[in-house]
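There are 2 protein chains.
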Amino acid sequence: MIKRDLLYEGKAKRLYETSEPSILWVTYKDQATAGNGAKKEAIAGKGQLNNQITSVIFKKLKEMDIPSHFIREVSETDQLIEKVDMFDLEVVIRNVAAGSFSRRLGVDEGTELAFPVLEFYLKNDELNDPLINDDHVLALNLADQKEIDEIKRQAHNINNSLIEIYKEAGIRLIDFKLEFGKTVKEQIILADEISPDTCRLWDEKTNDRLDKDVFRQDLGDIIPLYQEVLDRLTTAQKEK
Amino acid sequence: MIKRDLLYEGKAKRLYETSEPSILWVTYKDQATAGNGAKKEAIAGKGQLNNQITSVIFKKLKEMDIPSHFIREVSETDQLIEKVDMFDLEVVIRNVAAGSFSRRLGVDEGTELAFPVLEFYLKNDELNDPLINDDHVLALNLADQKEIDEIKRQAHNINNSLIEIYKEAGIRLIDFKLEFGKTVKEQIILADEISPDTCRLWDEKTNDRLDKDVFRQDLGDIIPLYQEVLDRLTTAQKEK
Ligand SMILES: Nc1ncnc2c1ncn2[C@@H]1O[C@H](COP(=O)(O)OP(=O)(O)O)[C@@H](O)[C@H]1O
Ligand SMILES: Nc1ncnc2c1ncn2[C@@H]1O[C@H](COP(=O)(O)OP(=O)(O)O)[C@@H](O)[C@H]1O
Ligand SMILES: [Mg+2]
Ligand SMILES: [Mg+2]
Chain A
1 MIKRDLLYEG KAKRLYETSE PSILWVTYKD QATAGNGAKK EAIAGKGQLN
51 NQITSVIFKK LKEMDIPSHF IREVSETDQL IEKVDMFDLE VVIRNVAAGS
101 FSRRLGVDEG TELAFPVLEF YLKNDELNDP LINDDHVLAL NLADQKEIDE
151 IKRQAHNINN SLIEIYKEAG IRLIDFKLEF GKTVKEQIIL ADEISPDTCR
201 LWDEKTNDRL DKDVFRQDLG DIIPLYQEVL DRLTTAQKEK
Chain B
1 MIKRDLLYEG KAKRLYETSE PSILWVTYKD QATAGNGAKK EAIAGKGQLN
51 NQITSVIFKK LKEMDIPSHF IREVSETDQL IEKVDMFDLE VVIRNVAAGS
101 FSRRLGVDEG TELAFPVLEF YLKNDELNDP LINDDHVLAL NLADQKEIDE
151 IKRQAHNINN SLIEIYKEAG IRLIDFKLEF GKTVKEQIIL ADEISPDTCR
201 LWDEKTNDRL DKDVFRQDLG DIIPLYQEVL DRLTTAQKEK
């Protein structure tokens, strides 16, 4: 596979075309951002860790019959993915109250939710990714009702699998963000990344943060934490 | 009916107990607020107008088989209502993009929406009435699924009737906020008020604003506008 023109440079990744029109080459960047890019820092080693964590997770999900855009790793920081037509949506599932959910709704961080709460956000940096409801998704033509239902079904399914995957690594999955896209065959599949940048991960025993909140809140160096997540995920794999 | 102890003083109304436990006495205040009370002014004559507008509208809705908490007017500024157990929800329906919808989602004010968009807000002044989705309503125990469905059904029904009522008065109903409560018999009914404080109303011909946006945006005196709305609603009634 040959890496061709840069297609898109985002906050965390670069997407390149390849010799194959349906396949993209992703490079994970050594950059961390928070508050929609308001805080931004170069962090050596981060791209490598997120590429590897995302790869491990997509592989585990595949073993659990959950398809994604992931094809294979091509280097420490790079992977090949199936090119899809992205929904301009961020899909968040919350098992435990934290972050903006706690702030906006006045629910103490750490409160177990009665059921996994699903939220849609409009993926639009200029508008600061506002929370939207199903009517907004329809009125803004972001997805139709059938697609909404399918995205929700898959997201809840992925939540169940991710809870298991992280649990085997001694980690509580508090909440996470997913993105979905449509293949040329009009199939909806999981895309983008699943990493400590996109999940809130708390140590099962100590509730220590193992995710981007440590960067958001200036609580220290994230590299050892992300490394810990990767090590635990791969150890859990080997022990199986 | 005898007015007894003050039960609650809100931003726009005072609620009193009466000699009858299931009936409340409402006094509409001469006060306007915007931005959750950030802007606040005494405006002589406003209480009277909102009491009368709300009364006319609740009477018209009743003729269209839409029940509400409204019983009868007892003075220019006062009315009797059925006491209900309020849902801590504000229910907004939007026919045309305006206000926070336009700002948050980047849709030009005045854009006709493909269908009436329904939104729930958590009624909580401290939290600034945040937008919430159905999962939030359930997780925060604000209503159960059956109640959500019934509230949505009624709100859309009310929207259809209000569009008609205002149309006969030469007014476009852009959007509005409703509140619902449960009677002692566990029936869900429309409560609170329906006035230019809670509806965006644009003149059918000129698109001139006939509502609280004129106060919010310091565009002039609202009293003649609210009077115009009342006059048009009552003239429309007589012409029928
Ligand atoms: N399989 C895919 N096909 C096409 N685009 C994708 C795919 N997976 C992710 N993307 C998009 O690529 C970009 C990933 O880069 P990222 O740095 O995360 O960007 P952003 O700053 O926009 O979040 C995002 O816009 C994401 O929606
Ligand atoms: N039928 C009813 N029974 C009980 N409470 C009601 C009823 N109708 C409206 N209310 C409540 O009475 C208060 C009305 O006063 P208002 O000045 O609008 O208050 P706020 O500033 O809280 O919006 C609101 O809290 C509203 O929810
Ligand atoms: Mg991204
Ligand atoms: Mg009110």
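Line order of the protein sequences matches chains A and B. Mapping of the first sequence onto the UniProt record's numbering: residues 1 to 240, in sequence order. Mapping of the second sequence onto the UniProt record's numbering: residues 1 to 240, in sequence order. Just so it is clear, CB atoms sit at the ideal spot from N, CA and C, and this is done for glycine as well.
Length of the line joining the Cα atoms of residue i and residue j
i: ALA12(A); j: LEU24(A); result: 15 angstroms
i: TYR226(B); j: TRP202(B); result: 12 angstroms
i: LYS167(B); j: GLU186(A); result: 43 angstroms
i: GLY45(B); j: ILE223(B); result: 7 angstroms
i: PRO67(B); j: ALA98(B); result: 28 angstroms
i: LEU15(A); j: ASP78(A); result: 10 angstroms
i: PHE215(A); j: ASP221(A); result: 7 angstroms
i: VAL137(A); j: SER75(A); result: 37 angstroms
i: ASN207(B); j: THR33(B); result: 23 angstroms
i: ILE188(A); j: GLU82(A); result: 12 angstroms
i: LEU89(B); j: MET64(B); result: 24 angstroms
i: GLY35(B); j: THR111(A); result: 30 angstroms
i: PHE70(B); j: GLU164(B); result: 20 angstroms
i: LEU80(B); j: SER19(B); result: 12 angstroms
i: PRO21(A); j: GLU126(A); result: 29 angstroms
i: THR234(A); j: ALA42(A); result: 26 angstroms
i: GLY170(B); j: VAL107(B); result: 25 angstroms
i: PHE115(A); j: LYS59(B); result: 41 angstroms
i: ASN124(A); j: ASP175(A); result: 20 angstroms
i: LYS212(A); j: GLU228(A); result: 13 angstroms
i: ARG209(B); j: ALA236(B); result: 19 angstroms
i: ASP135(A); j: THR183(B); result: 28 angstroms
i: ASP129(B); j: ILE158(A); result: 31 angstroms
Beta bridge counterpart(s) of residue i as assigned by DSSP
i: LEU210(B); result: According to DSSP, which records beta bridges pairwise, LEU210(B) is partnered with nothing at all.
i: MET64(A); result: Its beta-bridge partners do not exist; DSSP assigns none.
i: LEU201(A); result: LEU173(A)
i: GLU186(B); result: Bridge partners of GLU186(B): none, in fact.
i: PHE70(B); result: ILE81(B)
i: ASP31(A); result: Per the sequence shown, residue 31(A) should be read as Gln rather than Asp. ALA42(A), per the DSSP bridge assignment.
i: LYS13(B); result: TYR28(B)
i: ALA191(A); result: GLU179(A)
i: THR54(A); result: Answer is none; THR54(A) lacks a bridge partner.
i: VAL96(B); result: GLU112(B)
Near ligand 3: residue i beta-carbon under 7 angstroms from a heavy atom
i: ASP192(A); result: yes
i: ALA12(A); result: yes
Assigned exposure category for residue i - 16 Cβ within 10 Å defines buried
i: HIS156(A); result: exposed
i: GLY181(A); result: buried
i: GLN154(B); result: buried
i: VAL117(A); result: buried
i: ASP197(B); result: buried
i: LYS177(A); result: buried
i: GLN145(B); result: exposed
i: LYS39(B); result: exposed
i: ASP231(B); result: exposed
i: GLN217(B); result: exposed
i: LYS205(A); result: exposed
i: LYS62(A); result: exposed
i: LEU122(B); result: buried
i: ASN160(A); result: exposed
i: ASP5(A); result: exposed
i: ASP192(B); result: buried
i: ASP85(A); result: exposed
i: ARG72(B); result: exposed
Residue i beta carbon near ligand 1 (any heavy atom closer than 7 angstroms)
i: ILE81(A); result: yes
i: TYR8(A); result: yes
i: VAL84(A); result: yes
i: LEU24(A); result: yes
Check: residue i C-beta below 7 angstroms from any heavy atom of ligand 2
i: GLY181(B); result: yes
i: MET1(B); result: no
i: TYR16(B); result: no
i: HIS69(B); result: yes
Other residues of its chain near residue i: CB distance less than 8 angstroms, five sequence neighbours each side excluded
i: LEU113(A); result: ARG94, ASN95, VAL96 and ALA97
i: TYR8(B); result: ARG14 and LEU15
i: ASN133(B); result: PHE120
i: ILE151(B); result: PHE87, LEU89, VAL91, ALA143, PHE180 and ILE188
i: ASN50(A); result: ALA12, TYR28, GLU193, SER195, PRO196, ASP197 and TYR226
Same chain, Cβ closer than 6 angstroms to residue i, five either side skipped, listed in chain order
i: LYS3(B); result: TYR16 and TRP25
i: ILE194(B); result: THR54 and ILE57
i: GLN52(B); result: LEU230
Residues near residue i by beta carbon distance below 7 angstroms, same chain, minus five either side
i: LYS29(B); result: ALA12, LYS13, ARG14 and GLY47
i: residue 282(B); result: Because chain B in this structure spans residues 1 to 240, residue 282(B) falls outside the shown range and cannot be described.
i: LEU173(A); result: ASN95, LEU162, ILE163, TYR166, CYS199 and LEU201
Neighbour flag for residue i against chain D, beta carbons, 8 angstroms
i: VAL96(B); result: In the structure shown, chain D does not exist; the protein chains are A and B.
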